[in-house]
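Asks:
Below, the structure written as structure tokens:
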């Protein structure tokens with residue numbers, strides 16, 4: 330059974346669990362919630378075409394085996410710079426202090442070039458030895474040469490905390506969803 334545990338405004342308010350936790354992060358509108366819904370096989374996370382809609386730490390329990398965290402997007406959002414800075418501090422606090430976190434999935438929209446904010450998250454994780462998996466989203470709306478170019482750009486510098494494989498996904502076409510399920514240990 331998959332269930333929504335809750336939306337939390339602060340890291341301190343998150344419930345402590347004994348489950349392994351997997352978190353999903355990326356720029357606003359990269360498809361985090363859609364990917365989580367595809368992994369679940371049903372709608373559990375709210376999606377929106379409005380960038381910056383996910384503003385809380387949204388936690389889901391999967392089969393009393395693991396938890397999945399839907400983190401607020403970084404980059405463009407229709408909120409103040411002060412609010413964005415507050416989100417980034419909360420994100421850093423989460424990544425540095427959440428003992429249950431086993432792997433961070435960093436989602437990158439395959440239709441766009443790598444952004445400075447994506448590199449900053451990867452560098453932060455590399456520096457702090459936070460394991461992460463890079464996931465390209467919306468590959469059904471991109472082309473192979475763009476995807477190849479993006480992968481080369483990502484690995485033009487070493488990322489010691491990253492998985493050596495970049496996953497290619499499409500929530501709409503279910504591409505790559507089984508690969509993520511396998512990584513987190515659900516069928």
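Numbering (our numbering), first residue to last: 330 to 516. Backbone N, C-alpha and C define an ideal beta-carbon position, used for all residues, glycine too.
#1: Which two residues bound the contiguous beta strand (DSSP E) that contains residue 332?
#2: To the nearest whole angstrom, what separates the beta carbons of residue 476 and residue 497, a pair I think is in contact under 8 Å?
#3: Specify the secondary structure class of residue 484 as computed by DSSP and reduced to three states.
#4: Grab me the residues of residue 384's own chain with a C-beta within less than 7 Å of its C-beta, minus the 5 sequence neighbours each way, in chain order.
#5: Does residue 428 pass the burial test, meaning 16 or more other C-beta atoms within 10 Å, or should it be called exposed?
#6: Given that a residue counts as buried once 16 or more other Cβ atoms are within 10 Å of its Cβ, and exposed if not, what is residue 438?
#7: Under three-state DSSP, which class holds residue 443?
#8: Distance check for residue 499 and residue 454, CA to CA, integer angstroms please.
#9: Counting C-beta neighbours from all protein chains within 10 Å, is the total for residue 393 16 or more, i.e. buried, or is it exposed?
#10: From the DSSP output, read off the bridge partner residues of residue 398.
#11: Please report the straight-line C-alpha distance between residue 431 and residue 441, rounded to a whole angstrom.
#12: Determine which residues share a DSSP beta bridge with residue 464 and list them.
#13: I'd like the span of the alpha helix (DSSP H) that includes residue 509, first residue to last.
#14: Short check: CB of residue 362 to CB of residue 399, under 8 Å?
Replies: Inspection of the coordinates gives the following:
#1: 331-337
#2: 7 Å
#3: coil
#4: 401
#5: exposed
#6: buried
#7: coil
#8: 25 Å
#9: exposed
#10: 352, 388
#11: 28 Å
#12: 436, 496
#13: 506-513
#14: yes
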